[in-house]
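Each residue of the sequence shown is one higher than the last, beginning at 9 in the working numbering.
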Amino acid sequence: MSKRVTKTKACRDRERLGVLRVKDHRKLEERILRLLDRYEVSPETDKRWLNIGRSCIEQGFMAINRSVFEQRRTELPED
Numbered sequence: 009m010s011k012r013v014t015k016t017k018a019c020r021d022r023e024r025l026g027v028l029r030v031k032d033h034r035k036l037e038e039r040i041l042r043l044l045d046r047y048e049v050s051p052e053t054d055k056r057w058l059n060i061g062r063s064c065i066e067q068g069f070m071a072i073n074r075s076v077f078e079q080r081r082t083e084l085p086e087d
C-alpha cells in the first residue's frame, strides 16, 4: 500500500511558482524557435549549424525547466 504524502502550504506555493516560471520559459522558447523557423527558409542560412543551435536551445530550456522543480527518484512498489 502506498504512503500518502501531504504537502505543506509552502510546498504547494513553491510548485505554483515553478509552474508559472516554466510557462514563462516556454513562451520565451517558442519566440526563439519561431525566429529560427524564419531563418530556416533563408537560403543564406547554414542549416546544419541552425539545427545544432536549435538542439542546444531546446536542451537548455529543458535543463532550466528541470532546475525549477526538485527532482526526486521515483518510488517503486517494493520501496
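Where is the CB? At the ideal position from N, CA and C, for every residue including glycine.
Euclidean distance between Cα positions of residue i and residue j
| i | j | result |
| --- | --- | --- |
| Glu84 | Arg74 | According to the sequence as given, residue 84 is Leu; it is not Glu. Approximately 21 Å, taken between the alpha carbons. |
| Leu25 | Met70 | 17 Å |
| Glu66 | Val76 | 16 Å |
| Arg56 | Tyr47 | 12 Å |
| Gly61 | Leu44 | 9 Å |
| Glu38 | Pro51 | 22 Å |
Where residue i falls: helix, strand or coil (DSSP)
| i | result |
| --- | --- |
| Glu23 | helix |
| Phe69 | helix |
From the options, residue whose alpha carbon lies closest to that of residue i
| i | options | result |
| --- | --- | --- |
| Arg22 | Glu86, Thr82, Glu78, Asp87 | Glu78 |
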